[in-house]
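Chemist: Below you will find the structure I want to go over with you.
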Amino acid sequence: MAIPILSLIVLIPFLFAVLTLFTKTKEQARVSALFSSVLVLALSMFMYFNFDSTTSQMQFQEFAQWVPSLGINYQLGIDGISMPLVLLNAIVIPFLILFTWNDDKKQPNRFYALILATQGAVIGVFVALDFFLFYVFWELTLVPLFFMVSIWGGPAKHKASIKFFIYTHVGSLVMLLGIFGLYFAAWGQTGTPNMGIEHLLSQFQFIASGLSRDLIFVALLFGFLVKIPAFPFHSWLPDAYVEAPTAGSVLFVLLKIGGYGLFRVMLPILPFTPSMNLMIAIMAALGAVSILYGAFLALAQKDLKRMVAYSSVSHMGYVTLGAAGLVSLSVSGAMFQQFSHGLIMSIMFMACGVINNATGTRIINELGGLARKMPKLAVIMMLAFMASLGLPGLTGFIAEFLVLTFTYINQPTYVVIAILAIIITAAYHLWAMQRTMFGVYNEKFGALKDISASQTFSMAVIAILILYFGLNPSPVLDMMITNSEKLVSLMAVAGV
Amino acid sequence: MAIEDMAFLIPVLPALAFVLTFFLGKKLPNGGAIIPIIAIFTSFVISLMITLNLLQNPEQVVSQSYNWFAILNVGVLIDPLAAVMLSMVSFVSLLIHIYAVGYMSHDKAQPRYFAETALFTAAMLGVVLSDNILQFFICWELVGLCSYLLIGFWFEKPSAASAAKKAFLTTRVGDVMFLAGIILLFADIFRIFNGSIPEGVYVLRFDEIFTHIPEIAALNTQIFGFEVSHLTIITLLFFGGAVGKSGQFPLHVWLPDAMEGPTTVSALIHAATMVTAGVYLVARTFPMFLAAPYSLLVVAYLGAFTALFAATMGLVMNDIKRVLAFSTISQLGYMMLGLGMGAVIGVTAVGDSLFHLINHAFFKALLFLCAGSVIHAVGTQDIRQMGGVRKVMPITFATMLIASLALAGFGIPGTSIGVSGFFSKDPIIEAAYLFGESTENWVPYLFSIVAALLTSIYIFRLIFMTFTGKPRTNYGGHESPSVMTVPLMILGVLALVFGALTKTGFGKFLEETFANNFVNMDIHALAEIGKYHLASHGAGSEPLLILWMPVIVAIAGLLISYLIYGMRIIDMSSIVSRKNPIYKLLYNRYYQNAIFTQFLAVKVIYEGLALAGRAIDRGFDWTVYLIGHIFTEASDGLRLLQTGVVQNYATSVVTGVSLLIILVKLILEVF
Amino acid sequence: MIPLFYYLALSAIIFSIGLFGFMTQRSGIRMLMCVELMLNAANINLVAFSSYNGDLTGQVFALYSIALAAAEAAIGFAILMSIYRVRDMIDLNKINVLRW
């Protein structure tokens, strides 16, 4: 591979972030940001079309020595686990920038620079093959999001941004402990230091002490569970999602690094953990409880955006549950849920943002009858809501069906819990839809204008993608299946 | 190009019509109604040609499967069962669409209406021709979505928005059971294959499922100490889905509220699409039900109970559409009862039930369209404010009378004289009699006979109150335009003669469903697995009184209604009052609204569980803050050490270093 | 040749004087001078070990250390001068703005 395409995809957003920072006007800032994101989209499409989805090997690998004495290398690569997530980021960000095209934000240069920086960092996490690099990008995602919330956020932005930062940072530090444990244990094992993710994961099984294997596993798992977030580590999410500006909420939604960690790091070492069955049970239980709990909490919310935030907790439960299913299709269902959730929640938060801007409130009971004034928004929002409640034909259903069906084979009890939540999920979506879009129009909002052309375009494109991947999931699902088969075959090797 | 290759177009054309009408409808006359009409007409022609072909060559079942993703497939299966359903759905839907051109002509949102009804039809057609249970479920859910959109068509009316939500949520309860059934089924088949499903085998295809029936039936689970066959669990979960969609007790609550949509939508829901999907699901998976112990009995009892239960409420409703809604629930109960009778008459039950389904589709669509016509002209839905409409709307009256006769089931047993409802309801009641005979259990028969009496009473109450007598309020009425009356007349003819024309061939044709190259199985062997004892002789050889019984009660019902509402001889005011507890109970629909909506949904789920959840979540939040607090408090104490006096620092440094030296010394000495 | 012990003893004594002074004096200038004493005690050690081992490295270090001490004294006195200008005294016990 002559062109270092992965490096480009990671570096372009950062370069343009710096460039955007020095732009003077809103026009320059948004054009620069759009240009960068379209470039990334083009590159990732190019990569996608040259991607071989029949192999679970790393592709487009890049390698350069960085700190040889510590075994740290600049190592990038992409496979079926990371490709869809890179794609998700590359697709949504340009439309997010288009969505905010006409917003009057203070300091637009910083705003767009932070969007780009987040994109670079998140993609960096997905393509890093070296734990050091992985961790650097992992922590790097925090910084722009922190500023995003604390500068452009809602009334409680400072509290929310600090809470989010510290909470997830604690999770990351525990994860770092796990990484160090693994790194030094493997160093002792092989005699040479190496931070490579694949190398360390393959060395995990040779660590002599069962206790240290358990501890390493738990530390890593904790870090990822906080980031997903799974019940009971979710309480940073509602505040951060709600207080963030619309673009920030969408960026949060695209921050799929927690679930990614489950597939990249946890599943390969799961079969070699002494207390494997307990770990599987914990993951499945947390997943199932997240689904049910998030659904109930969403039902109890009065604020539309808060409801969407809790529904996010509920949906991410499928990721944890599916990963614990340990059947290749349940694992791919969980991966697909990440992809699908990113698309669906992007529109949901955009819709929340539009409603908030237009009416000045997000309290569900104060809204009503918006469909009369904003028919375009109503159609798009209806589609997003239906996708979110798992209507067949849209992406949410594919993921949920795969997760529920195939997890049932190994974990029937937890699936029964999760199935109960489906009704609650339908209930809060329909309730919110009825109260916001239908019913009598609240005349105090006056003459509302429907969403602008750029907003319609960006939301409609994502909506069409939801429909497309719901009817034909193969383009991204096939590569997920290839990789999850490999993950699950590890179980068989370990004799599970 | 053979007609089989066009089978996939049957649902695809209306779906395309949805897209076209949705985006282009505004620019066309009548909201682009012509697009779905043409599309559905084409679907109907294709369906009819396939049906006719199947009639001649029953073995030429259309069966095509394509890989969708992973181990799932999409496909088309048109066997006799699907063929008659396809033809009926597309035909009735076509007529309703034509009628709607007139009915909806004053509505601004016509494009949306026609787009959504087109999608509704497409989804229902998709349900019918699915060749696997997952595709079936997907279309089934789309049907639910469309019903949601259409019931809430006038979304600015809070009651409509609320009814739409209620309909979707209630059916969703059933859908979740259905989904759970599919998951369980999948898991069992997965187990049977030992986790490795061969390439090219689509485990959710109906034929694949049916071949594994004996193995699934052999799997057992302990539930409350009882050995229950997995097949029983799966079929009952499927039936749970059917209960939701087909408005059986206790999930029937959404159907009467669904009247908030335009009347044409009610007609679509009640006749052609949606509610029949549940019956069709049970019919489609009938071999599974037959091999599952107890399942058919549950279907039968619940069907019989619903038939009676809904009929009692139909007696006291004053809203013309509500009466019809309860009548639909009641008739669906008959269809379920008919299927449940498979416990004694085997696969014939599918024929009986489907026959009633088709006939019901004709006369119920007719009833609703007539009611729509009346509402359109009179401007109210309350039958107490009508009266004497016959004079203003003679065609509507005539067709509605035919439909009512068909619903009540008038005819002469043993001959070919009778309206369509007669030929299809009687076999079900007779099968119930046979069931009583062979099991000494007369409950289903009793329920069905009483329900038949009540049916006759409430439908003629409706006729007498609406069409006869003098106008009770000042309404200006007129007969509807011909675009509305022509569909009425076509349906009227069918309601009159369809039963008589097809009664001999229909059942036989449908029995082919389970005896062709797609699904070929031994019904008796299946019934043996399900521990059902099929009767040695078929229905029709009962005592004369039993054969005449349904007709006798129908006539009795007519007479009672005539005396009370036609002649006004019997004064009902003492009975029809809020003081009468039975009337009150019926009028309030057994307080199901209070129980389900007020109590279960609002009190238990929302106020109880959800708000409790919020309290718990605060708890988690507090825990997080508490941890943060511990650290801030601790640092508040610790920072006092920083006195800012250099000498204090120096002291601690010296002390620390001294201690360290001592420590090192000690360690060196010990080791 | 004077044994190494004497040098070390001298160094320890000077260091102790410096430490004692540092912990008891209040005037900033005196404290600074005590710090210089402690530094020089260390320098004596360095030079003593250097000559004892016949290795010049220690003496080079001592030279560095002296240069460093000079620089430090310069900055320290400059700070004290500015404090004196602001507060009219150089009692370091009272200058505890950075406490808590």
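Protein chains in written order, with my numbering: chain A, 4 to 499; chain B, 440 to 1110; chain C, 1163 to 1262.
Positions of the beta carbon are idealized from the N, C-alpha and C atoms, including for glycine.
(1) Over the uninterrupted beta strand (DSSP E) stretch that includes Gly944/B, give me the two end residues.
(2) Rounded to whole angstroms, what is the Cα-Cα separation between Ala1233/C and Glu1198/C?
(3) So which residues on chain B does Phe1184/C lean against when the C-beta distance must stay under 9 Å?
(4) Three Cβ pairs or more, each shorter than 8 Å: is that satisfied between the region 672-690 of chain B and the region 720-736 of chain B?
(5) Where does Gln820/B fall in DSSP's three states?
(6) Suppose you measure from the CA of Ala424/A to the CA of Ile283/A; what does that come to, to the nearest Å?
(7) Measure the CB-CB distance between Phe299/A and Ile427/A and report whether it falls below 8 Å.
(8) If you measure from the beta carbon of Ile708/B to each beta carbon in chain A, is any gap under 8 Å?
(9) Among Ala810/B, Arg829/B, Ala602/B, Thr838/B, which residue has its Cα nearest to the Cα of Gln820/B?
(10) So, is the C-beta of Asp1225/C closer than 8 Å to a C-beta in chain B?
(11) Suppose the cutoff is 8 Å on Cβ atoms and the five residues either side in sequence are ignored; what does the same chain contact list for Trp987/B look like?
(12) Do the CB positions of Ser877/B and Ala974/B come within less than 8 Å of each other?
(13) Of the residues that make up the region 1056-1084 of chain B, which ones have a beta carbon closer than 7 Å to any beta carbon in chain C?
(14) Using a C-beta to C-beta distance shorter than 8 Å, which residues of chain B count as neighbours of Tyr411/A?
(15) Rounding to the nearest angstrom, what Cα-Cα distance links Val1103/B and Ser1178/C in this structure?
(16) Which word fits Met4/A, buried or exposed, when buried means at least 16 other C-beta atoms lie within 10 angstroms of its C-beta?
(17) Any heavy atom of the ligand COA closer than 7 Å to the Cβ of Ser569/B?
(18) Just the Cα atoms here: how many angstroms apart are Met494/A and Met279/A?
(19) Identify which residue in Leu407/A, Ile100/A, Tyr296/A, Gly393/A has its Cα closest to the Cα of Ser238/A.
(20) At which residues does the beta strand (DSSP E) containing Trp69/A begin and terminate?
(21) With distances taken from CA atoms, which of Met348/A, Thr408/A, Leu370/A, Tyr411/A is nearest Ile383/A?
(22) Identify the contact partners of Leu1181/C in chain B, using a Cβ-Cβ distance below 7 Å as the criterion.
(23) Taking 8 Å as the cut-off, decide whether the C-beta atoms of Val523/B and Ile962/B are in contact.
(24) List the endpoints of the continuous beta strand (DSSP E) containing Phe508/B.
(25) Just the Cα atoms here: how many angstroms apart are Gly1180/C and Leu1080/B?
(26) Closest Cβ-Cβ distance between Tyr1045/B and chain A: below 8 Å?
(27) Consult DSSP for Asn633/B and reduce its assignment to one of helix, strand or coil.
(28) Which residues mark the beginning and the end of the beta strand (DSSP E) in which Thr660/B is found?
(29) Looking only at its chain, what residues have a beta carbon closer than 8 Å to the beta carbon of Val490/A, apart from the 5 residues adjacent to it on each side?
(30) Go through its chain and collect everything with a Cβ distance to Phe836/B's Cβ below 6 Å, but skip five positions before and after it.
(31) So Asn92/A is in the alpha helix (DSSP H); what residue range does that whole segment cover?
(32) With a threshold of 6 Å on Cβ separation, who are the neighbours of Ala710/B within its own chain once the five nearest residues in sequence on each side are excluded?
(33) From Thr660/B to Phe625/B, what distance separates their C-alpha atoms?
(34) Exposed or buried, Gly1047/B, counting other C-beta atoms within 10 Å across all chains shown (16 or more means buried)?
(35) Give the DSSP-derived three-state secondary structure of Val125/A in the structure shown.
(36) Applying the criterion that 16 or more other CB atoms from any shown protein chain within 10 Å of the CB defines a buried residue, is Trp693/B buried or exposed?
Modeler: According to the data block:
(1) Counting along the chain, Gly944/B sits inside no beta strand (DSSP E); it lies in the alpha helix (DSSP H) bounded by residues 921-950.
(2) 11 Å
(3) Val1085, Gln1086, Ala1089
(4) yes
(5) coil
(6) 21 Å
(7) yes
(8) no
(9) Ala810/B
(10) The sequence shown places Leu at residue 1225/C, not Asp. Chain B, which has no Cβ nearer than 8 Å to the Cβ of Leu1225/C, makes this no.
(11) Hits under 8 Å: Pro852.
(12) For Ser877/B and Ala974/B, yes; Cβs fall inside 8 Å.
(13) Against chain C - using a Cβ distance shorter than 7 Å - the residues of the region 1056-1084 of chain B are Arg1078, Leu1079, Gln1081, Thr1082, Gly1083, Val1084.
(14) Ile622, Leu623, Phe625, Ala626
(15) 21 Å
(16) Model confidence at Met4/A stands at a pLDDT of 48, short of 50, so the residue's coordinates are unreliable and nothing is read from them.
(17) Ligands displayed in this structure: none; no statement on the ligand COA is therefore possible.
(18) Rounded to the nearest angstrom, the gap between the Cα atoms of Met494/A and Met279/A is 11 Å.
(19) Tyr296/A
(20) 62-70
(21) Met348/A
(22) Val1093
(23) no
(24) Note, Phe508/B: beta strand (DSSP E), 501-508.
(25) In this model, Gly1180/C and Leu1080/B are separated by some 24 Å (Cα to Cα).
(26) yes
(27) coil
(28) It spans 659-662 - the beta strand (DSSP E) in which Thr660/B sits, taken as one unbroken run.
(29) A small correction: the amino acid at residue 490/A is Leu; Val does not occupy that position in the sequence shown. Once the five neighbours on either side are set aside, the close Cβ partners of Leu490/A are Phe266, Leu270, Pro271, Ser331, Val334.
(30) Arg829, Phe906
(31) 86-102
(32) Val531, Ala800, Lys803, Ala804
(33) 16 Å
(34) exposed
(35) helix
(36) Trp693/B is buried by the Cβ-count criterion.
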